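Student: Below is one structure. I have some questions about it.
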Amino acid sequence: MELDFSLPNARRKATFESIYSEVALYRAALKTYTKPLFRWRAALSRSQDGGTLYDFARSGHRNLNRIHRRLMDRSFHPREGIARQYHFNGKARTIYIFPWEERIVDQMLFQTLNRYFHSAISKHSYAYRHTGFGIDACQHRIAYELKKRSGSFYFTKRDISVFFQSIDHTILLEALKSWIEPTDYLFQLVTQRVRFSFQTESQQSMCAEKGVPFGTSIACFLANVYLLPLDRSMEKFPGLTYCRYADDVLQFTPSCDTAVKARDQLHEVLNRLKLKSKPSHELDFSFQPRTGPRLPSRLNAPVDTEFPDRPNFRHLGLEFRRDRSIGLSRDKLRKIRNLFRFALRRSKQKFERIGDQPEPRANHAIAVCCRVIGDGLRSVAIIDYYLKHVDDESQLRLLDRWLAEEVLSIAFQNGHRKGNFRKLPFARLREMGLPSLRHRRRLLNHGHLKASFFVLRTKWLIEQERGRLPSRKAFSPGLEAAATKVS
């Protein structure tokens, strides 16, 4: 079987002239400049040149002018980066950090190539797309396909092992020749990002023999191109629902025969691409309809040993169940609780100043919980993502009850006890402003919470600036006054 990297007939090969403009470079710079707004530590990262984003931005116009001239002269060649080991949730990852000039060019290449080839990339690939895709669209499609039919489903779930580090350069560059004119400067630029050079922690210079530079923008586009044969081969199976988010693959169908053929085809394509699935994440299972009373386990053994029946599965943080409901898995439920628990723990000194009075302590605890669900940038993004997809009302009701018990345990300093509700009833906590995740979910579903993330961030910056001002008489009242004065 040949790997299908061909470009659709309606799409021409890309050249440097067809995608590049000075506007595109400045758009990429603007995207890069937003890093300090959301992750200030990222702006302080340094590569082998020793510069931070702030160092680059001090002479930003001149630096961008220089990059533009070098790109127009075809003299821009990416410098080497630094390979650093990071640990995320117990997983070791190698991140490649390049100088900021290279990062801006990488961002420009990612944005322009992603836009130019948007229609050529599979509609079943949801990560790193130009527009109209993303994790929300992926989860909504899975939920829709499961809920529109009540019969059996046969699932195959795979996670590609160390995907970005396993991409074969020869296969990828041959694929890119079908997308980018091989004699053009653009192909030279992209080739240098595939066969990138870097320094190890011992300052030894090396050239990558395989893999793309994980941590750069252009690597995301290259990853989607590399897995295009997998997407196209799965599209050919009638009745198969196929969803790929980066290296997470989920496919299911009502036909067991189709499921077996699609699974075998998936393994064959991965072998041709020199990729492997992670054994610990390989799942083949089914949802079988449940009718009548539940039988004893020894009589209720799955008939299909190849696709054993199971009550639920986890995918991208959500738990999809046999009865077509969607809830939070145990670890994600714990994650949401910890957002509130750690925020309350950070206010320990404030509670000590309040003393032993239960109602003032409860008032402050409720205020902290409201900030978590209303003003915390990271916590709002996490909580709202789950609430948009979860439809298990009973689970959210228990989560709301836990939050009320947590507030009461701080108010009375005696742990989670049901007797605390006799001292301070649930209705009273609601009057004091205790937030409800069930209510927030309804607001999200009815479109009543559509505040822009940038508006939320600006509000947070203004409040932070006000908190720094020692005297309102000696200084302006904040960023609002400064903005009004400038205008």
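Going by the numbering used here, the first residue of the sequence shown is number 5, and it counts up by one from there. Ideal placement from N, C-alpha and C gives every residue a C-beta, glycine not left out. Small disclaimer: the values here were computed from a predicted structure and weren't measured.
(1) Which first and last residues belong to the beta strand (DSSP E) in which D252 is found?
(2) Apply the 10 Å Cβ neighbour rule to N118 and answer buried if 16 or more other Cβ atoms are within range, or exposed otherwise.
(3) Hey, out of Q115, F20, P40, F114, whose CA is closest to D77's CA?
(4) In the DSSP assignment, what are the bridge partners of A87?
(5) Using the beta-carbon count (16 or more within 10 Å), is D404 buried or exposed?
(6) Quick one: Cα of F191 to Cα of E149, how far?
(7) Measure the C-alpha to C-alpha separation of Q207 and F60 and round it to an integer number of angstroms.
(8) Run the CB neighbour count on N418, radius 10 Å, all protein chains shown included, and call it buried at 16 or more, exposed below.
(9) Run through the DSSP bridge pairs and tell me what M210 is partnered with.
(10) With which residues is Y158 paired in a DSSP beta bridge?
(11) Quick one: does H319 have its CB under 8 Å from some CB of chain B?
(12) Just to confirm, is the Cβ distance from F218 to R50 under 8 Å?
(13) Does DSSP put L438 in a helix, in a strand, or in coil?
(14) To the nearest whole angstrom, what separates the beta carbons of I23 and Y120, a pair I think is in contact under 8 Å?
(15) Does the stretch 132 to 140 come close enough to the stretch 263 to 281 to have 3 or more Cβ pairs within less than 8 Å?
(16) Where in the stretch 368 to 396 do unbroken runs of the alpha helix (DSSP H), each at least 4 residues long, occur, reported from the N-terminal end onward?
(17) Under the DSSP definition of a beta bridge, which residues are partnered with I164?
(18) Helix, strand or coil for K39, going by three-state DSSP, please let me know.
(19) Provide the residue span of the beta strand (DSSP E) that contains L322, from first to last.
(20) For D235 versus R248, is the C-beta spacing smaller than 8 Å?
(21) Measuring CA to CA, which of E409, K95, S25, R145 is closest to V109?
(22) Just curious, the alpha helix (DSSP H) that R568 is in, first and last residue?
(23) Please state if the CB of I377 and the CB of R2 are separated by a distance shorter than 8 Å.
(24) Hey, could you find the ends of the beta strand (DSSP E) Y246 is sitting in?
(25) Using alpha carbons as the reference points, say which of C211, Y130, D140, P233 lies closest to L180.
(26) Could you tell me which of D388, Y390, L433, Y389 sits nearest to E410, measuring between CA atoms?
(27) Under 8 Å: do the stretch 322 to 336 and the stretch 382 to 399 share three or more Cβ pairs, one atom per stretch?
(28) What does DSSP give as the partner residue(s) for D313 in the beta ladder?
(29) Could you give the DSSP three-state label for I330: helix, strand or coil?
(30) Helix, strand or coil for H319, going by three-state DSSP, please let me know.
(31) Which residue or residues does DSSP assign as beta-bridge partners of I184?
(32) Can you find the residues in the same chain that come closer than 8 Å, C-beta to C-beta, to I139, ignoring five residues on each side of it along the sequence?
(33) So for K240, helix, strand or coil by DSSP?
(34) Can you give me the C-alpha to C-alpha distance between F430 and N367, rounded to a whole angstrom?
(35) Say whether the stretch 353 to 373 touches the stretch 170 to 180, bearing in mind that this needs 3 or more beta-carbon pairs closer than 8 Å, one atom from each stretch.
Tutor: So, from the listed chains and residues:
(1) It spans 252 to 257 - the beta strand (DSSP E) in which D252 sits, taken as one unbroken run.
(2) Buried is the label assigned to N118, since at least 16 other Cβ atoms lie within 10 Å of its Cβ.
(3) Ranked by Cα distance from D77, the options Q115, F20, P40, F114 are led by F20.
(4) Looking at the DSSP output, A87 bridges to Y100.
(5) Buried is the label assigned to D404, since at least 16 other Cβ atoms lie within 10 Å of its Cβ.
(6) C-alpha of F191 to C-alpha of E149: approximately 40 Å in a straight line.
(7) Near 23 Å, if we compare the C-alpha coordinates of F60 and Q207.
(8) The residue in question, N418, is exposed, as its Cβ has fewer than 16 Cβ neighbours within 10 Å.
(9) DSSP lists F202 as partners of M210.
(10) T257, S290, per the DSSP bridge assignment.
(11) Looking for chain B here will not work: only one protein chain is present.
(12) Not closer than 8 Å, so no.
(13) Here DSSP, grouped into helix, strand and coil, assigns L438 to coil.
(14) Confirmed, Cβ separation roughly 5 Å.
(15) Contact fails: fewer than three Cβ-Cβ distances are below 8 Å.
(16) Those alpha helix (DSSP H) runs which fall completely within the stretch 368 to 396 and span 4+ residues are 381 to 393.
(17) According to DSSP, I164 shares a beta bridge with S281.
(18) In the structure shown, K39 sits in a helix (DSSP, three-state: H, G or I).
(19) L322: member of the beta strand (DSSP E) spanning 322 to 325, first to last residue.
(20) A Cβ-Cβ contact shorter than 8 Å links D235 with R248.
(21) The option with the nearest alpha carbon to V109 is S25.
(22) Nothing about residue 568 can be reported from this structure: the residues present for the chain run from 5 to 491 only.
(23) This structure does not reach residue 2, given that the chain is present from 5 up to 491, and the question cannot be answered.
(24) From DSSP, the beta strand (DSSP E) with Y246 extends over 245 to 249.
(25) Closest option to L180, Cα to Cα, is P233.
(26) Ranking the options by Cα distance to E410, first place goes to L433.
(27) With three or more CB-CB distances shorter than 8 Å, the stretch 322 to 336 counts as touching the stretch 382 to 399.
(28) Here D313 is bridged, per DSSP, to S290.
(29) DSSP places I330 in strand when its eight states are reduced to three.
(30) H319 falls in the strand class under three-state DSSP.
(31) Answer is A18, bridged to I184.
(32) Within the same chain, I139 has close Cβ partners Y130, A131, Y249, L320, Y389.
(33) Looking at K240 - three-state DSSP - the assignment turns out to be coil, as it is neither helix nor strand.
(34) Going by the C-alpha atoms only, they are around 13 Å apart.
(35) Not touching, per the Cβ criterion.
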